[in-house]
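Per this note's numbering, the sequence shown starts with residue 445, numbered consecutively. Take a look at the structure below.
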Amino acid sequence: MNEDGGKKKKKGGKTSFDILTVIGLIAGLGLIVFGIVFNAPPKEPQMNDRMTDEEFAAAEVKYEEDLAKFEQEGGPIRPWIITDSFIDVPSIAIVIGGTFGALMIAYPLSIVSKVPKLLKIAFLPNKYDPQDYIEQIVDFAKEARVKGLLSLEDKLNEAQDPFLKSSLMLVVDSVEPEKVHNLLQAELGKLDERHGQGRGFFENGGAYAPGFGMIGTLIGLIKMLGDMDDPSSIGPAMAVALLTTMYGSMLANLVFSPIANKLSLRHDEEYLCRELICEGVEAIQAGENPKFIEEKLNMLILQKKKKGKKGKGGDSEAE
């Protein structure tokens, strides 16, 4: 994940369009709409041993009535029902307005203003390839091994990732190994904190939206109970009250939570590449063999994958 994801070369990743995110969003919303507008045709009654002739005749009459109603409503697809039964402006205002209001209370302007960039990361991410970073680091290690650390200064222009370039500059400038280690770890900490704030915005949005859906439902129920003198109004009032719960659940489960998870995956991709840079740069400064550095970095990737699998399976703590 990267707040400045639009700057391709400066961030060292290859920008690509995440078609899966778009397909998932369209499919999820499309299936919900289909579930709303689809009207299953009535089933023709079938005679069985448990039915009397009178019961079967009554079932046939009921079938004819249901079939006539089905045809009158326009057949299997009823798009008009969306506007007639599933759109309520006050409910939308309560859920969306309340959720974003709570998020603005919870987060400073510096985080809220980054929401468009975070959405861009979800749909148009920078792809970080660990093997590509290993190849670059090994190439720098070979250069330093043959010509010395100072020779890396002329080769740094080949590095597209600014973190890799600045990290190697510490080595070229002969900064003490302990200071290099502390500086690189501090940068990793900042990256983790910054990405955690952006991810947390959507995670909390996924928690707030159902809550405001329930608030809207309670408001609707209070209004309904206050007007019990008219029984005919109870059904429609109840339907409107429940709409806010539906809106809150949709917003949480189709937008906020999936995007938060996607940002988490983006973070893991970039964080792993930053860890490879830190390990590689320190190994180069220590004068380690390029072949050993390559094996060391590949082992780090394997360890991360194993740790991630154990965390998912519940056998050990997650990453």
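We put the CB at the ideal spot given by N, CA and C, even for glycine.
In this structure, I526 keeps its C-beta atom at 9 Å or more from the C-beta atom of V582. In the assembly as shown, P680 is an exposed residue. Its beta-carbon has fewer than 16 other beta-carbons within 10 Å. Non-local beta-carbon contacts of L600 in its own chain, meaning distances under 8 Å to residues more than five positions away in sequence, involve K609, L612, M613 and V616 in chain order. Taking 9 Å as the cut-off, the Cβ atoms of L563 and R643 do not count as close.
In this structure A653 is not in contact with A685, their Cβ atoms being roughly 17 Å apart against a cut-off of 8 Å. Beta-bridge analysis with DSSP links I521 to F482. Classified as buried, I565 has 16 or more neighbouring CB atoms from the shown chains inside 10 Å of its CB. In this model, K748 and E713 are separated by some 11 Å (Cα to Cα). Judged by beta-carbon spacing, I659 lies beyond the 9 Å limit of M668, meaning their Cβ atoms are not closer than that value. Y572 is positioned such that its CB atom lies closer than 9 Å to that of L716. The region 616-643 is shown to contain no whole alpha helix (DSSP H) run of 4 or more residues. Distance check between A651 and each of D636, F700 and T661 places F700 closest, using alpha-carbon atoms only. Annotated as proximal: P486 and D510, with beta-carbon spacing under 9 Å. Nearest in C-alpha terms to L627, of all of L475, E719, G518 and Y551, is E719. Contact between the region 488-498 and the region 539-548 is absent: fewer than 3 CB-CB pairs across the two stretches fall below 8 Å.
The C-beta of R494 has fewer than 16 other C-beta atoms within 10 Å across all chains shown, which makes the residue exposed.
Inside the region 715-746, DSSP marks no whole beta strand (DSSP E) run of 3 or more residues. Contact annotation: the region 623-641 does not touch the region 588-604, with fewer than three C-beta pairs closer than 8 Å.
DSSP places N492 in the coil class of the three-state scheme, outside both helix and strand. If you draw a 10 Å sphere on the C-beta of N570, you find 16 or more other C-beta atoms in it, and that means buried. In the three-state reduction of the DSSP assignment, A471 falls in the helix class. Unbroken alpha helix (DSSP H) stretches of 4 residues or longer found wholly inside the region 666-709: 678-695, given in chain order. For Y551, the secondary structure class from DSSP, reduced to helix, strand or coil, is coil. Distance from the CA of N492 to the CA of F514, rounded to the nearest whole angstrom, comes to 25 Å. Between I721 and A585, the gap from beta carbon to beta carbon reaches 9 Å or more.
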